[in-house]
Amino acid sequence: RRHKAVSTAEEQPGSEKLTDLKDKYKKRAEQYRTIAKEDLTIGEQRLLGALLQKSNYIETHEHLQAVYALGENYEKCTEYSEKILVLIEEQREERKNYMARSDANVSASQKLRSDLEQLYIKEINCRSIQALAYSRLNNPQAAILELNRVLSIRPDRS
Numbered sequence: 373r374r375h376k377a378v379s380t381a382e383e384q385p386g387s388e389k390l391t392d393l394k395d396k397y398k399k400r401a402e403q404y405r406t407i408a409k410e411d412l413t414i415g416e417q418r419l420l421g422a423l424l425q426k427s428n429y430i431e432t433h434e435h436l437q438a439v440y441a442l443g444e445n446y447e448k449c450t451e452y453s454e455k456i457l458v459l460i461e462e463q464r465e466e467r468k469n470y471m472a473r474s475d476a477n478v479s480a481s482q483k484l485r486s487d488l489e490q491l492y493i494k495e496i497n498c499r500s501i502q503a504l505a506y507s508r509l510n511n512p513q514a515a516i517l518e519l520n521r522v523l524s525i526r527p528d529r530s
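If you read the sequence shown in this note's numbering, its first letter stands for residue 373, the second for the next number, and so on.
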């Protein structure tokens, strides 16, 4: 018995339906990408507006960093990463100075320690996203440097 070899997908039964289905899903995926890009643009506009009102709010910078990373605008992502790191350091110093003052009570000290821990978490997140951005910008040395900085963060030694 000899069987005729099927050479192309078009000759196989049901392949037209499969091709149609693939095209349908490709079109739907493209629609979702377009919607997502529009959402990122709207999010960016709103976050930039919020930043005008309160420029030292770390969370707004973090959200912009994420929007730019998701939108593959890695230059802007690294720009906001740097701004976040400056704000983190400013707030870290402010809290350490307050803790060093003799009038800081136990309850305030616990809150400040908790705030410092949160700042370290923010730094880890920021530097991780920054490393990704550098990697996508084809700058592996900067990406490795940021990852090494992440690994060297020691909140217990603040």
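Every residue, glycine too, gets a C-beta built ideally from N, C-alpha and C.
How is I525 classed by DSSP in three states: helix, strand or coil? DSSP, read as helix, strand or coil, puts I525 in coil.
Candidates K426, E402 and E451: closest to Y498 by CA position: Residue identity check: residue 498 is Cys in the sequence provided, not Tyr. C498 has its Cα closest to that of E451, out of K426, E402 and E451.
Is the CB-CB distance between R473 and L491 below 8 Å? Contact: no.
Can you check which of these residues, Y470, T391 and L517, is closest to A503 by C-alpha distance? Answer by Cα proximity: L517.
Does at least one heavy atom of the ligand NAD sit under 7 Å from the Cβ of Q513? The ligand NAD is not part of this structure, which contains no ligands at all.
Rounded to whole angstroms, what's the CA-CA distance from E410 to K396? Just pull it up for me. So the two alpha carbons sit approximately 21 Å from each other.
For L424, which three-state DSSP category applies? Judged by DSSP in its simplified three-state form, L424 adopts helix.
Looking only at its own chain, which residues have a Cβ that is under 8 Å from the Cβ of Q425, when we skip the five neighbours before and after it? Here the set comprises nothing.
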